[in-house]
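Chains as they are written, first to last, in our numbering: chain Y, 7 to 341; chain X, 7 to 341.
Ideal Cβ placement from N, Cα and C applies to all residues, glycine included.
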DNA sequence: TTGTAAGCGTTATCAT
DNA sequence: ATGATAACGCTTACAA
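Quick look at the structure:
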């Protein structure tokens with residue numbers, strides 16, 4: 007029936023402003039009037055117009071999650087489900103509506119991202135690019151809409167939250183070192199992604215700090231797939247490693263299979279450690295020692311960082327938000 | 007610099023209305039003025055305010071895709087990735103922004119759906135509920151926002167598009183009948199979902215039309231998982247079927263494994279047919295005969311049906327949109 | 001506590 | 001072809 011504040015106001019016999027106050031739970035309304043208005047609202051089935059409200063308040067209550075990845079990659083990478091879940095939940099808590107933006111083809115990526123972002127429907131957004139130094143980030147910066155990058159970014163002005171990939175890999179390597187391993191090999195992730203780069207650096211630094219120089223023959227590049235773990239381990243075997251640290255669990259599982267197939271046993275002949283702590287890490291034999299990354303926490307933190315950023319009085323002058331979430335070494339039987 | 011039409015107008019030395027016309031590509035602007043204005047826009051970096059525009063035009067250009075499923079289910083069900091991909095692409099074509107709404111917990115489902123839907127930010131939305139007769143649909147109807155249900159719904163007033171599960175299952179059964187199978191068993195899907203119900207009905211009707219009465223001992227209820235295929239087949243084996251028609255490919259694959267394990271061969275001793283034609287249907291031995299459902303087409307059709315619905319002159323009086331997309335029997339070696 | 005009225009940044013209707 | 005000006009539905013000083 008009633009579609010506008012004015013109509014409700016007429017029904018309740020008050021002014022439009024009063025109805026607005028009731029709708030917005032303003033305390034400055036007498037109990038009697040409030041009841042009267044509420045009744046009018048209920049009876050007329052009035053629903054406030056979100057667009058008009060957004061225009062007046064200059065905020066929409068919508069935040070975006072833009073993931074410049076193909077939908078298929080999105081669905082196959084075990085990172086995204088818990089991440090998106092956590093972001094969704096946190097948005098719910100903060101009374102944000104979440105607008106999840108997916109992309110179609112890589113070549114339209116830029117166009118589509120900018121469309122979403124500059125549409126001004128978003129109070130802010132999370133940008134989850136898997137490649138470090140994504141050039142799109144610099145452009146987004148100039149658009150003015152507040153955003154948080156999920157994953158570190160070199161640009162001085164971007165706020166981000168990431169997982170401490172470096173520290174996690176370093177700690178895992180140190181752990182292996184403490185076990186007196188002398189020939190610790192690594193199968194890396196893709197080296198255009200922060201996770202790949204940082205985990206490799208953590209490994210190398212741990213070695214150096216222990217007085218060993220990383221050996222070229224003990225490092226092979228992988229791509230986070232199980233297959234690259236199989237291949238990587240086969241290559242590595244020729245150089246007699248006593249341990250293999252894989253860039254993620256899927257790779258570790260591949261390596262595990264290859265090592266076992268070669269007739270060696272884990273962890274007796276060769277120790278193996280993964281990264282991520284996905285479900286299958288405990289499903290293999292032996293269960294994988296791995297570095298757990300707090301994906302859900304990442305989603306939550308990113309969302310609340312965004313929330314703060316949006317409500318910052320002087321956007322830009324507030325201190326930069328840059329967080330690395332702690333990882334945790336989970337020791338199981340593969341080491 | 008310039009954030010509003012007025013500012014641009016001042017720079018270009020024209021009226022706000024003219025700038026608006028240029029922005030909206032109205033033909034009623036002289037070439038000279040157009041250039042002048044475009045230059046002013048470019049130099050000032052003006053970006054139209056989508057919210058204000060939405061208020062004035064009474065449309066946002068945003069459509070929603072609401073899927074009342076947990077994120078984990080969403081990511082594990084092979085249906086959703088291609089479906090979402092297709093919807094995303096079609097929205098791109100139609101210049102819609104897509105707002106993908108996920109839910110957190112089932113108990114907050116209703117609340118969350120209604121929040122999204124009645125927020126009035128959406129010009130319309132796709133509602134993809136897996137359970138038939140979802141009661142939420144009836145409520146959404148009264149909200150007034152145009153929507154298309156993905157999956158049939160009994161309510162007379164809802165527009166939907168679905169896949170012809172019934173026809174697909176029926177055809178598959180008829181195909182088996184033509185192969186002179188006399189004891190065709192079925193492992194069903196969950197019977198609160200349209201896909202489960204309709205596929206079962208297709209199977210039964212095909213049998214009846216061939217003059218056979220469905221036998222209780224030849225029908226077992228599954229839940230679309232591989233496991234339910236294994237269990238189902240084991241149960242069925244006791245009643246000596248010559249063929250098993252599974253409610254989907256995963257179930258068929260489970261059945262296939264169970265049958266082979268029992269020492270019987272496929273298709274010689276027992277023929278097996280699946281439904282969906284997922285990737286793994288060709289990865290098993292023997293490759294699965296199955297009913298392909300056009301998931302991407304479903305996404306596209308649903309989106310364009312929504313588009314039409316939104317632009318219908320007299321919403322509600324237009325004829326109902328109810329489509330069942332054709333399925334296709336893909337014959338491979340399991341039959 | 002309540003009402004009046006001035007925005008919010010567009011689009012769209014009318015004149016001119 | 002262009003410019004006033006009135007919507008669009010709401011929030012929010014400012015008055016009363």
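Cβ-heavy atom distance between residue i and the ligand SAH below 7 Å?
i: residue 65/X; result: Here there are no bound small molecules, and the ligand SAH is not part of this structure.
Closest to residue i by C-alpha separation, out of the options, would be which residue?
i: residue 10/Y; options: 55/Y, 30/Y, 36/Y; result: 55/Y
i: residue 104/X; options: 82/X, 7/X, 131/X; result: 131/X
i: residue 96/Y; options: 325/Y, 311/Y, 79/Y; result: 311/Y
i: residue 200/Y; options: 236/Y, 334/Y, 118/Y, 155/Y; result: 155/Y
i: residue 107/X; options: 152/X, 134/X, 99/X; result: 134/X
i: residue 259/X; options: 98/X, 114/X, 234/X, 189/X; result: 234/X
i: residue 271/Y; options: 249/Y, 280/Y, 288/Y; result: 249/Y
i: residue 339/X; options: 299/X, 295/X, 308/X, 318/X; result: 295/X
i: residue 115/X; options: 91/X, 99/X, 77/X, 94/X; result: 77/X
i: residue 174/X; options: 24/X, 21/X, 297/X; result: 297/X
i: residue 126/X; options: 53/Y, 219/Y, 93/Y; result: 53/Y
i: residue 20/X; options: 211/X, 38/X, 238/X, 217/X; result: 38/X
i: residue 7/X; options: 149/Y, 240/Y, 265/Y; result: 149/Y
i: residue 110/X; options: 99/Y, 120/Y, 118/Y, 144/Y; result: 99/Y
i: residue 280/Y; options: 178/Y, 32/Y, 67/Y, 31/Y; result: 178/Y
i: residue 243/X; options: 120/X, 257/X, 314/X, 223/X; result: 223/X
i: residue 304/X; options: 44/X, 70/X, 92/X; result: 92/X
i: residue 286/Y; options: 332/Y, 84/Y, 113/Y; result: 84/Y
Do you know how far the Cα of residue j is from the Cα of residue i?
i: residue 341/X; j: residue 51/Y; result: 58 Å
i: residue 306/X; j: residue 274/X; result: 39 Å
i: residue 301/X; j: residue 283/X; result: 10 Å
i: residue 246/X; j: residue 277/X; result: 12 Å
i: residue 18/Y; j: residue 46/Y; result: 6 Å
i: residue 147/Y; j: residue 292/Y; result: 47 Å
i: residue 64/Y; j: residue 101/Y; result: 16 Å
i: residue 194/Y; j: residue 82/X; result: 27 Å
i: residue 227/X; j: residue 140/X; result: 21 Å
i: residue 208/Y; j: residue 253/Y; result: 11 Å
i: residue 196/Y; j: residue 230/Y; result: 7 Å
i: residue 213/X; j: residue 183/X; result: 8 Å
i: residue 316/Y; j: residue 129/Y; result: 7 Å
i: residue 190/X; j: residue 330/Y; result: 59 Å
i: residue 289/Y; j: residue 299/X; result: 33 Å
i: residue 308/Y; j: residue 164/Y; result: 13 Å
i: residue 237/X; j: residue 261/X; result: 8 Å
i: residue 268/Y; j: residue 221/Y; result: 22 Å
i: residue 169/X; j: residue 16/X; result: 55 Å
i: residue 57/Y; j: residue 124/X; result: 11 Å
i: residue 12/Y; j: residue 35/Y; result: 17 Å
On the DSSP letters alone, give me the boundaries of the alpha helix (DSSP H) that residue i sits inside.
i: residue 272/Y; result: Per DSSP, residue 272/Y belongs to no alpha helix (DSSP H) and is neither H nor E.
i: residue 204/X; result: 200-215
i: residue 59/Y; result: 56-63
i: residue 39/Y; result: 37-50
i: residue 24/Y; result: 22-29
Please report the residue range of the beta strand (DSSP E) in which residue i lies.
i: residue 10/Y; result: Careful: residue 10/Y lies outside any beta strand (DSSP E) and carries neither H nor E.
i: residue 336/X; result: 334-336
i: residue 189/Y; result: Neither: residue 189/Y is in no beta strand (DSSP E) and is coded neither H nor E.
i: residue 328/X; result: 328-331
**Inside the region 70-115 of chain X only - alpha helix (DSSP H) runs reaching at least 4 residues** = 77-82, 86-99, all fully within the region 70-115 of chain X.
**Prompt:** If you scan the region 280-304 of chain X from start to end, which runs of the beta strand (DSSP E) of 3 or more residues do you find wholly inside it?
**Reply:** For the region 280-304 of chain X, whole beta strand (DSSP E) runs of length 3 or above, ordered along the chain, are 295-298.
**Request:** Select from the region 42-54 of chain X all residues with a C-beta closer than 7 Å to any C-beta belonging to chain Y, and list them in chain order.
**Result:** 53
**Item:** Chain-ordered residues of the region 123-143 of chain X with a beta carbon less than 8 Å from chain Y
**Value:** 124, 125, 126, 127
**Request:** With a floor of 3 residues, list each beta strand (DSSP E) that falls wholly inside the region 126-174 of chain Y, ordered by position along the chain.
**Result:** 130-133, 153-156, 165-169
**Asked** What residues from the region 70-94 of chain X come within 7 Å of chain Y, judged by C-beta to C-beta, listed N to C?
**Response** 77, 78, 81, 87, 90, 91, 94
**Secondary structure, beta strand (DSSP E): runs of 3+ residues fully inside the region 210-265 of chain Y** = 225-227, 249-252
**Message:** What are the residues in the region 252-270 of chain Y lying within 8 Å of chain X by C-beta distance?
**Reply:** Contacts with chain X (Cβ-Cβ distance below 8 Å) from the region 252-270 of chain Y involve no residue at all.
**Prompt:** For the region 95-108 of chain Y, which residues have a beta carbon sitting closer than 8 Å to at least one beta carbon of chain X?
**Reply:** 95, 98, 103, 104, 105, 106, 107, 108
**Asked** the region 289-317 of chain Y: which residues have C-beta closer than 7 Å to a C-beta of chain X, in chain order?
**Response** none
**Item:** Contacting positions in the region 229-253 of chain Y - beta carbon closer than 8 Å to chain X
**Value:** none
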